[in-house]
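Just so you know, the protein sequences line up as chains A and B, in that order. My numbering puts the first residue of the first sequence at 13, with every later residue one more than the last. My numbering puts the first residue of the second sequence at 2, with every later residue one more than the last. Backbone N, C-alpha and C define an ideal beta-carbon position, used for all residues, glycine too.
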Amino acid sequence: MTKPKDCDPVITVKGLRNSFGEQVVHDNLDLTVCRGEILAVVGGSGTGKSVLLRSIIGLQTPDAGEIEVLGENMVNRTEDEAKNIRRRWGILFQNGALFSTLTVAENVEVPIREYFPFITPPLLDEIASYKIAMGGLPPDAGPKFPSELSGGMVKRAGIARALALDPELLFLDEPTAGLDPIAAAAFDELILSLQKRLGLTVFVITHDLDTLHSICDRIAVLADKKVLGVGTIPELLALDHPWIQEYFNGPRGRAAAASYEHEVTA
Amino acid sequence: MVEQGHPDDQTGDGAVYRVAGALTITRAATTQREIDALPDPLTIDLSEVERMDTVGAWIVYRTVRDRHAKLIGASGDETSLLREVANFDNPARVHPEQAGGVTRTLMELGEWVAETGRTLLGLLGFFGATLIGFANVIRRPRRFRLNAVVTRFDVVGVRALGIIGLMSFLIGIVIAQQGAVQLAQFGAEVYTINLIGRITVRELGVLMTAIMVAGRSGSAFAAQLGTMKITEEIDAMRTIGVSPVEALVLPRMMASILMMPLLGFWAIVTALLGGGIFVWLELGYPPMTYIQRLQEVIPMTDLWIALIKAPVFGFIIALAGCFQGMQVEGNSEEVGSRTTTAVVQSIFLVIVLDAVFAVFFSSIGWK
Chain A
13 MTKPKDCDPV ITVKGLRNSF GEQVVHDNLD LTVCRGEILA VVGGSGTGKS
63 VLLRSIIGLQ TPDAGEIEVL GENMVNRTED EAKNIRRRWG ILFQNGALFS
113 TLTVAENVEV PIREYFPFIT PPLLDEIASY KIAMGGLPPD AGPKFPSELS
163 GGMVKRAGIA RALALDPELL FLDEPTAGLD PIAAAAFDEL ILSLQKRLGL
213 TVFVITHDLD TLHSICDRIA VLADKKVLGV GTIPELLALD HPWIQEYFNG
263 PRGRAAAASY EHEVTA
Chain B
2 MVEQGHPDDQ TGDGAVYRVA GALTITRAAT TQREIDALPD PLTIDLSEVE
52 RMDTVGAWIV YRTVRDRHAK LIGASGDETS LLREVANFDN PARVHPEQAG
102 GVTRTLMELG EWVAETGRTL LGLLGFFGAT LIGFANVIRR PRRFRLNAVV
152 TRFDVVGVRA LGIIGLMSFL IGIVIAQQGA VQLAQFGAEV YTINLIGRIT
202 VRELGVLMTA IMVAGRSGSA FAAQLGTMKI TEEIDAMRTI GVSPVEALVL
252 PRMMASILMM PLLGFWAIVT ALLGGGIFVW LELGYPPMTY IQRLQEVIPM
302 TDLWIALIKA PVFGFIIALA GCFQGMQVEG NSEEVGSRTT TAVVQSIFLV
352 IVLDAVFAVF FSSIGWK
């Protein structure tokens, strides 16, 4: 139930506490993400999924608790220490968070330029070009500005930028929200193949039940200010928590499960 | 971790590039340089690669693609990664197309002319929409948003009292001090009071207030409305049936128009106060003398001029601010540039109008 036996922890969160004024979002929250797994975080609105992500990547200083990412302490660390970790992860923000004054291609090139300034422009452009294709964007998207893109395309450009440095660790905040089902399925497949080829570890916040069924190794359920449980869907269902039951056994949950089983048996 | 390849490993048929260790983005620049330095026909030996990421795979792939290099020793995973990246070889344009030299200048000139024309037309339209909004509110007073207007009064007027008072007070002192120095040369120090009185009441009080309000509130109008435009709040308002002009523009406009005369008057009073203190302490004219003298030298028309100009300036500032805010489309950078434009335009227009007013009032005999 807790974590696999041969777990090599990439992210360790211990005793995390976050609050905004009176409102406590997390209290004594523990979570471990193992190398090479795709871990999904689910939870109702307002359970602090995004706050958890922001704490892990160091954008939010927690009230208490320890957070370790790729073996480095994330709380109270210096800027230099943080730099080492930052080039080993990629982050897709919920709304893409593209730099609005740069084109899509330039957005993808930003992290590469920052950390590897010696890569020559032709190679850099080619790298940006295939990353853009990898994110699932059409070739003419490269020179466009974020304001000229549709919502789904912004997301894909964000994915392309998150993948720019070939990260070991990928954070995705609702990656398939706003994508059409075909694109969402293609995205799931892309993540799965990258995870297999490159040994990627993926931390994904999602509500996409198809994603949960098809690519996630373990699912962490956030409720009551802590992680209620971590495990596969059957393991979670065995917990017999009303929210979990409702989530996976509701009409949408059953439909996704059925289509997934159909896919596996067919 | 980074082991060098052996680029100098020459065999009978060209060069062999042997990569050992990790072939990742960390080594991308070096690897590419070494490959570029090798002669054709090239063979790439991947048998000693321990780790390869997509950038590494891409470098190998593009070498094979462009130089027909031969690939040996690739493991199953590496082959599939290579095949994977090959799938994404769908040359995306990276740089926008740009016309050169004269054509570009002409294009920019044309765009500028069209843009200016559109802006003027838009401003006219916006002016009209505002008037219609006023008319609607007058016809149906229940649509008048008292709370919004009062909030704006507070933000534009009350909260500006401190800074405008301080600024005017200091300007009063500066005018008095500089005037006294110059007039002392003619032995006409007493005329310092004339100078302070007329210049602050007729011109500087309201003009400086307008500049301050443009910088303080005009910019805020543009930035607020611009941000609301980007976050689609204004679209949401429209679809709910709330007119953005009535809900957002009118309160700001009314606040600006009504607060400007009050702030202008406040500025005049504090400037006279500052000048009076200087005159008292440095030139030795007691406050009563100062006030009497002011009464004698400032014609009532000077105050009327100030109070007529003030609401007009307020209108210009609110119009420029709200119009530029509503023009924002697309990205956050535009909020910044539109805000700047709003402030520059309103200050410029205020000064132009001030000149027009000066000539006008002089010619109707309000001297």
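**Item:** Any alpha helix (DSSP H) of 4 or more consecutive residues that is wholly inside the region 152 to 237 of chain A
**Value:** You should have 163 to 174, 193 to 210 and 221 to 226.
**CB contact below 8 Å: A:Leu-210 versus chain B** = Here residue 210 of chain A corresponds to residue number 198 of the first sequence, with the count starting at 1. Yes, A:Leu-210 counts as interfacial toward chain B.
**Asked** What distance in whole Å lies between the Cβ atoms of B:Arg-203 and B:Ile-306, which are believed to be in contact at a cut-off of 8 Å?
**Response** Looking up residue 306 of chain B in the second sequence gives position 305. Looking up residue 203 of chain B in the second sequence gives position 202. Going by Cβ atoms, the distance from B:Ile-306 to B:Arg-203 rounds to 6 Å, so yes, they are a contact pair.
**Item:** Under 8 Å between C-beta atoms of B:Phe-135 and B:Val-207
**Value:** Mapped onto the second sequence, residue 135 of chain B falls at position 134. Mapped onto the second sequence, residue 207 of chain B falls at position 206. Taking a C-beta distance under 8 Å as the contact criterion, B:Phe-135 and B:Val-207 do not qualify as a contact pair.
**Contacts of B:Arg-63 in chain A (Cβ-Cβ under 7 Å)** = The count along the second sequence starts at 1 and reaches residue 63 of chain B at position 62. Result: Glu-138.
**Prompt:** Apart from the five residues on each side of it in sequence, which residues of its chain come closer than 6 Å, Cβ to Cβ, to B:Phe-145?
**Reply:** Residue 145 of chain B sits at position 144 when you count from the first residue of the second sequence. Cβ neighbours of B:Phe-145 within its own chain (closer than 6 Å, five residues either side excluded): Val-138.
**Item:** Coil, strand or helix - B:Leu-273 by DSSP
**Value:** Your numbering for residue 273 of chain B matches position 272 in the second sequence. The answer is helix: DSSP assigns B:Leu-273 an H, G or I state.
**Request:** Measure the alpha-carbon distance for B:Lys-368 versus B:Ala-359 and round it to whole angstroms.
**Result:** Taking the second sequence and counting its residues from 1, one reaches residue 368 of chain B at position 367. Taking the second sequence and counting its residues from 1, one reaches residue 359 of chain B at position 358. For B:Lys-368 and B:Ala-359, the distance between alpha carbons rounds to 10 Å.
**Message:** Measuring CB atoms only, is the region 238 to 253 of chain B touching the region 336 to 350 of chain B, in the sense that at least three cross pairs come out at less than 8 Å?
**Reply:** Segments in contact, no.
**Request:** Can you grab the Cα-Cα spacing for the pair A:Arg-173 / A:Met-146, in whole Å?
**Result:** In the first sequence, counting from the first residue as 1, residue 173 of chain A sits at position 161. In the first sequence, counting from the first residue as 1, residue 146 of chain A sits at position 134. A:Arg-173 and A:Met-146: Cα-Cα distance of roughly 10 Å.
**Three-state secondary structure assigned by DSSP to B:Ala-58** = Locating residue 58 of chain B in the second sequence gives position 57, counting from the first residue. It is helical.
**Request:** Starting from B:Ile-292, follow the alpha helix (DSSP H) in both directions and report where the run begins and ends.
**Result:** On the second sequence, position 291 is the one that residue 292 of chain B refers to. Looking at the DSSP string, the run of the alpha helix (DSSP H) that includes B:Ile-292 is 288 to 298.
**Whole-angstrom distance between B:Ile-172 and B:Val-182, CA atom to CA atom** = Sequence index remark: in the second sequence, residue 182 of chain B carries index 181 (1-based). Sequence index remark: in the second sequence, residue 172 of chain B carries index 171 (1-based). Answer to the nearest angstrom: the Cα atoms are 15 Å apart.
**Item:** For B:Gly-158: DSSP bridge partner residues
**Value:** By one-based count along the second sequence, residue 158 of chain B stands at place 157. For B:Gly-158, which the question treats as bridged, DSSP gives no partner whatsoever.
**Asked** Taking C-beta to C-beta, are B:Glu-200 and B:Ala-177 nearer than 8 Å?
**Response** Mapped onto the second sequence, residue 200 of chain B falls at position 199. Mapped onto the second sequence, residue 177 of chain B falls at position 176. Checking the sequence shown, residue 200 of chain B turns out to be Ile, not Glu. For the pair B:Ile-200 and B:Ala-177, the CB atoms are not nearer than the 8 Å cut-off.
**Prompt:** Taking the C-alpha atoms as reference points, what is the distance between B:Val-86 and B:Tyr-62?
**Reply:** Here residue 86 of chain B corresponds to residue number 85 of the second sequence, with the count starting at 1. Here residue 62 of chain B corresponds to residue number 61 of the second sequence, with the count starting at 1. Their backbone Cα atoms lie some 8 Å apart in a straight line.
**Request:** Scan the region 24 to 44 of chain B for residues whose Cβ lies nearer than 9 Å to a Cβ of chain A and list them as they occur along the chain.
**Result:** Flagged, chain order: Thr-25, Ile-26, Thr-27, Ala-29, Ala-30, Thr-31, Gln-33, Arg-34 and Asp-37.
**Item:** A:Asn-30 - containing beta strand (DSSP E), residue span
**Value:** Stepping through the first sequence from its first residue, residue 30 of chain A is reached at position 18. First-last of the beta strand (DSSP E) with A:Asn-30: 21 to 32.
**Prompt:** Just the Cα atoms here: how many angstroms apart are A:Thr-73 and A:Ser-31?
**Reply:** For the purposes of this step, residue 73 of chain A is identified with residue 61 of the first sequence, where counting begins at 1. For the purposes of this step, residue 31 of chain A is identified with residue 19 of the first sequence, where counting begins at 1. Each residue's alpha carbon lies about 10 Å from the other.
**Prompt:** Leaving out the 5 sequence neighbours to the left and right, which residues in its chain are closer than 6 Å to B:Pro-262 when beta-carbon positions are compared?
**Reply:** The residue labelled residue 262 of chain B in the question sits at position 261 within the second sequence. Closer than 6 Å at the Cβ level, and outside the excluded window around B:Pro-262, lie Leu-308, Ala-311 and Pro-312.
**Message:** Does chain A have any CB closer than 8 Å to the CB of B:Thr-342?
**Reply:** As a working mapping, residue 342 of chain B is identified with position 341 in the second sequence. No, B:Thr-342 does not count as interfacial toward chain A.
**Request:** Compare the C-alpha of A:Asp-220 against each of A:Leu-28, A:Leu-206, A:Ala-197 and A:Gly-60 and name the closest.
**Result:** If you number the first sequence from 1, residue 220 of chain A lands on position 208. With distances taken between Cα atoms, A:Asp-220 lies closest to A:Ala-197.
**Asked** What residues from chain B crowd round A:Asp-152, counting only those whose CB sits closer than 7 Å?
**Response** Against the first sequence, residue 152 of chain A aligns to sequence position 140. For a Cβ distance threshold of 7 Å, residue set Arg-94 of chain B lies close to A:Asp-152, ordered along the chain.
**Prompt:** Going by C-alpha distance, which of A:Met-165, A:Glu-49, A:Leu-177 and A:Gly-27 is nearest A:Arg-98?
**Reply:** Indexing the first sequence from 1 puts residue 98 of chain A at position 86. Closest by alpha carbon: A:Leu-177.
**Request:** Starting from the beta carbon of B:Trp-59, find every residue of chain A whose beta carbon is closer than 8 Å, and list them in chain order.
**Result:** Walking along the second sequence from the start, residue 59 of chain B turns up at place 58. The contacting residues are Glu-138, Ile-139 and Tyr-142.
**Message:** Measuring straight from C-alpha to C-alpha, what distance separates B:Ala-224 and B:Phe-316?
**Reply:** Within the second sequence, the letter at position 223 stands for residue 224 of chain B. Within the second sequence, the letter at position 315 stands for residue 316 of chain B. Taking the straight line from one Cα to the other gives about 17 Å.
**Amino acids of chain A, ordered along the chain, whose beta-carbon sits closer than 7 Å to that of B:Leu-82** = The residue given as residue 82 of chain B occupies position 81 in the second sequence. Close partners of B:Leu-82 in chain A (Cβ separation under 7 Å): Arg-209.
**Request:** Compute the Euclidean distance between the alpha carbons of A:Ser-162 and A:Leu-212, then round it to the nearest angstrom.
**Result:** Locating residue 162 of chain A in the first sequence gives position 150, where the first residue counts as 1. Locating residue 212 of chain A in the first sequence gives position 200, where the first residue counts as 1. Whole-angstrom Cα-Cα distance: 28 Å.
**Item:** Nearest residue (CA-CA) to A:Cys-19, options A:Glu-160, A:Leu-251 and A:Asp-229
**Value:** For the purposes of this step, residue 19 of chain A is taken as residue 7 along the first sequence, with counting starting at 1. When only C-alpha atoms are compared, the closest one is A:Asp-229.
**Asked** With a Cβ-Cβ cutoff of 8 Å, do B:Ala-38 and B:Ile-60 count as a contact?
**Response** On the second sequence, position 37 is the one that residue 38 of chain B refers to. On the second sequence, position 59 is the one that residue 60 of chain B refers to. Cβ atoms of B:Ala-38 and B:Ile-60: not closer than 8 Å.
**Test: B:Val-86 CB closer than 8 Å to a CB of chain A** = Here residue 86 of chain B is taken as the residue at index 85 of the second sequence, counted from 1. So yes, B:Val-86 belongs to the interface.
**Item:** B:Thr-31 beta carbon less than 8 Å from that of B:Leu-24
**Value:** Counting from one through the second sequence, the residue named residue 24 of chain B turns up at place 23. Counting from one through the second sequence, the residue named residue 31 of chain B turns up at place 30. The beta carbons of B:Leu-24 and B:Thr-31 sit no closer together than 8 Å.
**Request:** Select from A:Pro-246, A:Asn-261 and A:Pro-158 the residue whose C-alpha is nearest the C-alpha of B:Ser-333.
**Result:** In the second sequence, the residue the question calls residue 333 of chain B occupies position 332. Comparing Cα-Cα distances from B:Ser-333 to each of A:Pro-246, A:Asn-261 and A:Pro-158, the minimum goes to A:Pro-158.
**Asked** Hey, how far is the Cα of A:Ile-231 from the Cα of B:Ser-81?
**Response** Along the first sequence, read from residue 1 onward, the residue named residue 231 of chain A stands at position 219. Along the second sequence, read from residue 1 onward, the residue named residue 81 of chain B stands at position 80. Taking the straight line from one Cα to the other gives about 29 Å.
**Request:** With DSSP collapsed to three states, give me the class of B:Thr-201.
**Result:** Against the second sequence, residue 201 of chain B aligns to sequence position 200. It is helical.
**Asked** Near B:Val-214, what residues of its chain come up, given a Cβ to Cβ distance below 6 Å and the 5 sequence neighbours on each side ignored?
**Response** Taking the first residue of the second sequence as position 1, residue 214 of chain B is located at position 213. Apart from the 5 residues on each side of it in sequence, B:Val-214 sits with its Cβ closer than 6 Å to the Cβ of Ile-318 in its chain, given in chain order.
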